[in-house]
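Peer 1:
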Amino acid sequence: YRFSGNNKDTDTSYMIGCLIGNGNFTQGNYIGFTNFDDDIINEFKRCVDSSGFGEFKERKRAGHFAITFPSAKYGIKNAGYKEFLRIHGLNPVTSHFKEIPSSILQSSNSALAAFLSGIFDTDGYVTKRGIEISSVSELLVEQIQVVLLSYGIVSKRRKKMVKYKNSRITAWILTIESWNLDLFYHK
């Protein structure tokens with residue numbers, strides 16, 4: 788599948804960016820999404836509704852949501868969930884192995900920009916250095932850096948040891964410094 792620049796594709800690209808950032812598709816027959824920002828949740832829900840693949844539902848715990856896929860639509864249990872992942876190149880992997888799906892990397896500029904908006908909305912944050920995004924997936928951070936560079940946006944990548952549960956793991960941090968922020972905002 789290759790995304791064009793139409794509204795449905797940019798909505799789906801934004802949704803995939805959010806899912807790479809705050810999604811979970813390694814368990815069950817649904818796609819999980821966790822977020823506490825009402826604006827992001829509402830935009831994500833709008834994009835889910837626009838995609839037509841599944842139904843957005845709130846789960847019992849605050850900030851936890853799911854996209855469910857009616858089996859009747861595809862005739863067999865879990866088929867909608869698996870079909871959505873397959874069509875969009877999403878692999879059910881843990882955080883260390885997240886990457887930008889090839890369907891996004893080969894998409895139109897508007898769909899790629901929508902993906903970046905989704906992943907920065909969920910995993911991005913502002914520091915005194917500029918805008919940053921971090922992940923335990925080195926590949927994902929490298930891919931984001933290359934995509935940003937294709938828009939002329941220079942960024943810096945570094946690694947940092949962070950505490951996770953009872954151990955320390957490597958996180959990769961990508962920084963868009965202040966002199967590139969205007970370009971980032973407008974692209």
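Going left to right, the sequence shown walks through residues 788 to 974 as our numbering numbers them. Backbone N, C-alpha and C fix where the C-beta goes; we use that ideal spot for every residue, glycine too. Since we're looking at a predicted model, the values are computed, not measured.
1) Which same chain residues end up closer than 7 Å to I940 when comparing Cβ atoms and leaving out the 5 residues on each side of it in sequence?
2) Go through its chain and collect everything with a Cβ distance to I828's Cβ below 6 Å, but skip five positions before and after it.
3) With C-beta atoms as the reference, is I920 less than 8 Å away from I931?
4) Does the Cβ-Cβ distance between L927 and E870 come in under 8 Å?
5) From this set, Q893, S904, S894 and N811, which residue's C-alpha is nearest A853's C-alpha?
6) Using the three-state DSSP reduction, which class does R833 fall into: helix, strand or coil?
7) In terms of residues, what are the limits of the beta strand (DSSP E) holding I960?
8) Which partner residues does R873 have in the DSSP bridge list?
9) Report the rounded CA-to-CA distance for K860 versus E842, giving the unit in angstroms.
Peer 2: A quick look at the data gives this:
1) For the purposes of this step, residue 940 is taken as the residue at position 153 of the sequence shown. Contacts found: I963, N967, L970, F971 and K974.
2) To locate residue 828, count along the sequence shown from 1; it is residue 41. Within the same chain, I828 has close Cβ partners N822.
3) As a position in the sequence shown, residue 920 is number 133, starting the count at 1. As a position in the sequence shown, residue 931 is number 144, starting the count at 1. Yes, the Cβ-Cβ distance between I920 and I931 is below 8 Å.
4) Against the sequence shown, residue 927 aligns to sequence position 140. Against the sequence shown, residue 870 aligns to sequence position 83. No.
5) For this step, residue 853 is matched to residue 66 along the sequence shown. Ranking Q893, S904, S894 and N811 by Cα distance to A853 puts N811 first.
6) If you number the sequence shown from 1, residue 833 lands on position 46. Residue state, collapsed to three classes: helix.
7) By 1-based counting over the sequence shown, the position of residue 960 is 173. Here the beta strand (DSSP E) through I960 covers S954 to E964.
8) Looking up residue 873 in the sequence shown gives position 86. Paired residue(s): none; R873 is not in a bridge.
9) Looking up residue 860 in the sequence shown gives position 73. Looking up residue 842 in the sequence shown gives position 55. In this prediction, K860 has a pLDDT of 47, which is less than 50 and means its spatial position is unreliable; what the coordinates show is noted afterwards. If you take the alpha carbons of K860 and E842, they lie about 12 Å apart.
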